[in-house]
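Notes follow the structure.
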Amino acid sequence: MDSTAKKPLPLGVTNGSWDTEDSLDLYQVPAWGKHYFSINAAGHVVVRPDGSPEREIDLYEVVEGLRQRDLTAPVVVRFSDILRHRLSRLQKAFAQAIAENDYKNRYTAVFPIKVNQQRLVVEEVYRYGDEFGFGLEAGSKPELLAVMALTENAPEQRMIICNGFKDDSYIEAVILATKLGRTIIPVIENFEELQLVLKHAAKYQVRPRIGVRVKLASEGAGRWRDSAGEKSKFGLFVTEILELVKVLKANDMLDCLELVHCHPGSQLQDIRKVKDAINELAHVYAELKLMGAGLKYIDVGGGLGVDYDGSGTNFESSMNYTMNEYASDVVYRIGSVCNARGIDHPVIVSESGRATAAHHSVLVFNTLGSSCLDKFRISDRIEDEYSGDRDELPQPVLDLFEAYRTISERRLVECYHDALQAREQALQMFNLGLLSLEFRGLTERLYWATCAKIRDYCRKLDRVPEELEGLELILSDTYFCNFSVFQSLPDSWAIGQQFPIMPIHRLDEKPTRNGVLADITCDSDGKIDRFVSHREVKRTLELHELKPGEEYYLAAFLVGAYQETLGDLHNLFGDTHVVHIRLHDEGGWWIEEIVKGDTAGKVLSYMEYDVERLFPQFARDCERAVREGRMTLAESQALRRFYEWELNGYTYLEG
Ligand SMILES: Cc1ncc(COP(=O)(O)O)c(C=O)c1O
């Protein structure tokens, strides 16, 4: 963790000034933003697609610009230039490693389209990858269909790698695509696939290129540790690979075995796991090569991580190495094993998906309101809180008031205990019918006001007593946000993945609230209460007080990998709007593409509703209500208009 980071002032404590540097520090932007994100003098997040401050895009300005074009939040903003920059970073990292290690062959990447199958994204990756000769990876039949079309007229060096389960027609298509001129390699994941390759190669008189996935003994690491190791779902045991060699030899096709592959797991957080896996794979490669296989490629799979929390550590949402270090280790390991075994260096292929796509997408959403537990303010005089006879006040209420009144720095824990006990007694009395609703309300106000007062004292302390450490979280606000976690940040819900989240404006202003985020699904899981921090995970996020009538926008960053296609339609919240923003050669930015989000009608049709029939069905009922005098014609028209409008409207709230 970054020990040089400045300790932010506690919330509620001001030294009179706050500037954008403080916000950069508070939200750890330089750490996770990797030169792509910063804050400008106006207090807005800026995006620097090629990492240089000379060319930056004001994200708030983009969101405002979209609003003026009737595209309201939530919206995924994709920065195509970042995608391009990531690909060139990958290329450069390997080029440097190749030069430094005197490696005698080249590197290429294939983008696994499952990471983000959206046509525009895959097209851009493929287009930008042209100058480096990068290809694509497919993991299923539908993905193969997309890849085969997108690689029209591809030169030989741009590879297509086919992973995943393959049936007869899949393999047949791959063999035929070889005839079409594609450099396409089916990676044998289980033994049956080999028979299919042999069958179709013979049928179409093709000498296929064949790859094999090795079940490594080296264990994977992190959340996707099961992608590697002997219990992994895919790949051949060494015994099976030896059998495969025998079969190929018997068919006089050992020269067709051109590639060995492994996938050591996604988001590898620890570089040692990378080293172990590549080392083992390189030895398998060398052995097979020496046995006469026509090997040319070594495919190290995916796994290159993304430092989501910017800590640079061996933590699930981080990684303890850089892209350069990864490239250097991969090249060095493969090179040294080949040198030791006296064989030529192969082309190195990586299937780096997350590291290519994550940075280029940002999810921007607006807040709808907030609920605060520390809103209960009470006076120091009980008469101001209760106008009745003081003798009527039940003992727990009096005790609570006393706890509130006598809070001082010395008595924080004691007063907290008193308040807890008094509230418990009051609730017991209420449940026995001995306390009125009015006194229960007073208890509630007194209790939360006491907690808030204690918390405010704690914020000024250097060391908060352990028992009071949880108060900040208990009293945190809930900010209601116009998006669905399930649709837009599924990994946050499913596997606790952390994404950097922060406001995109007002960053020259000190945030004075602490909050967690709740989405608009009717599901208590639809929330985010873990946030990245330079120390441990933060349970609340520093936020600004909402201003009536003014939008407050937040954004989740680094969401370009896996989130869009893993998202689901919980509560029928559909795809958000997506826009592609590009830097303009003459300065500024422009919108290259707009993909409007799902309409309610579209998501209903996904659920098999006949959308054509819905409106007439509903309109009939409105007519009936008018005829029977339950509604005026104007009311019925208003309801019909709502229905028709919303069927064609965005599934999210539009203000
Ligand atoms: C076979 C294969 N290759 C590549 C990838 C992409 O991995 P990453 O996004 O970690 O680079 C995956 C994803 O898990 C995979 O299963």
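Be aware that the sequence shown starts at 235, since it is given in the working numbering, and climbs by one per residue. Yeah, the Cβ is synthetic: ideal placement off N, Cα and C, and Gly gets one too. From a predicted model like this one, the values you see are computed outputs, not experimental measurements.
- Cβ-Cβ distances below 7 Å link tyrosine 555 to Ile505 in the same chain, with the five nearest sequence neighbours on each side left out; the list follows chain order.
- Taking every protein chain shown into account, the CB of alanine 789 has 16 or more other CB atoms within 10 angstroms, so this residue is buried.
- Of all C-beta pairs linking the region 657-674 to the region 698-715, fewer than three are shorter than 8 Å, placing the two stretches out of contact.
- Within the region 403-473, complete beta strand (DSSP E) segments of at least 3 residues are found at 417-422 and 444-447, given in chain order.
- Summarising the contact set, residues whose Cβ lies nearer than 7 Å to any heavy atom of ligand 1 are, in chain order, Pro346, Lys348, Val349, Glu371, Gly373, Asn397, Trp458, Ser461, His497, Ser500, Gln501, Gly535, Gly536, Gly537, Leu538, Glu585, Ser586, Gly587, Arg588, Ala589 and Ala795.
- It is roughly 7 Å from the alpha-carbon of threonine 306 to the alpha-carbon of glutamate 888.
- By the beta-carbon neighbour count (other beta carbons within 10 angstroms, threshold 16), methionine 553 is buried.
- When secondary structure is reduced to three states using DSSP, cysteine 715 falls in the strand class.
- If you look at glutamate 784, you'll find it isn't in any beta strand (DSSP E); DSSP assigns it neither H nor E.
- Secondary structure at alanine 592: helix, using DSSP grouped into helix, strand and coil.
- Excluding the 5 residues flanking it on each side, tryptophan 252 has same chain C-beta neighbours closer than 6 Å at Lys744, in chain order.
- The continuous alpha helix (DSSP H) containing threonine 254 extends over residues 254-260.
- Every unbroken stretch of the beta strand (DSSP E) spanning 3 or more residues and falling wholly within the region 794-853 is given here in chain order: 811-817 and 823-829.
- For arginine 312, the enclosing beta strand (DSSP E) starts and ends at 309-313.
- Under DSSP, alanine 653 forms no beta bridge with any residue.
- In the DSSP assignment, threonine 866 falls outside any beta strand (DSSP E) and carries neither an H nor an E.
- Setting aside the 5 residues that flank it on each side, glutamine 352 is surrounded in the same chain by Glu798, each with a C-beta closer than 7 Å to its C-beta; the list follows chain order.
- For serine 562, the enclosing alpha helix (DSSP H) has its first and last residue at 557-575.
- Cβ neighbours of methionine 393 within its own chain (closer than 6 Å, five residues either side excluded): Val344, Gly369 and Thr417.
- In this structure, DSSP gives isoleucine 688 a helical state, which the three-state scheme calls helix.
- Contact check between the region 489-509 and the region 532-544: three or more CB pairs, one atom from each, fall below 8 Å, which counts as touching.
- Inside the region 595-649, DSSP marks whole beta strand (DSSP E) runs of 3 or more residues at positions 595-605, from first to last along the chain.
- Within its own chain, the residues whose Cβ lies closer than 8 Å to the Cβ of serine 613, once the five positions on either side in sequence are excluded, are Glu619, listed in chain order.
- Valine 647 is positioned such that its CB atom lies no closer than 8 Å to that of glutamate 703.
- Its chain contains Thr342, Gln391 and Arg392 as the residues whose beta carbon lies nearer than 7 Å to that of glycine 367, once the 5 sequence neighbours on both sides are disregarded; these appear in chain order.
- Distance check between serine 604 and each of Phe635, Asn716 and Leu502 places Asn716 closest, using alpha-carbon atoms only.
- As a beta-bridge residue in DSSP terms, alanine 372 pairs with Cys396.
- Residue pairing by DSSP leaves asparagine 387 without any beta bridge partner.
- Around the Cβ of phenylalanine 876, a 10 Å sphere holds fewer than 16 other Cβ atoms; the residue is exposed.
- Under the three-pair Cβ rule at 8 Å, the region 427-447 counts as touching the region 393-402.
- Per DSSP, arginine 301 is not a residue of any beta strand (DSSP E); the alpha helix (DSSP H) it occupies stretches across 293-302.
- Note on proline 376: under 16 other CB atoms within 10 angstroms of its CB, so exposed under the neighbour-count rule.
- Valine 421 places its beta carbon less than 8 Å from that of valine 446.
- Of the candidates Ser500, Tyr542, Pro308 and Gly569, the residue whose Cα lies closest to the Cα of glycine 536 is Ser500.
- At the C-beta level, glycine 398 and glutamate 423 come within 8 Å of one another.
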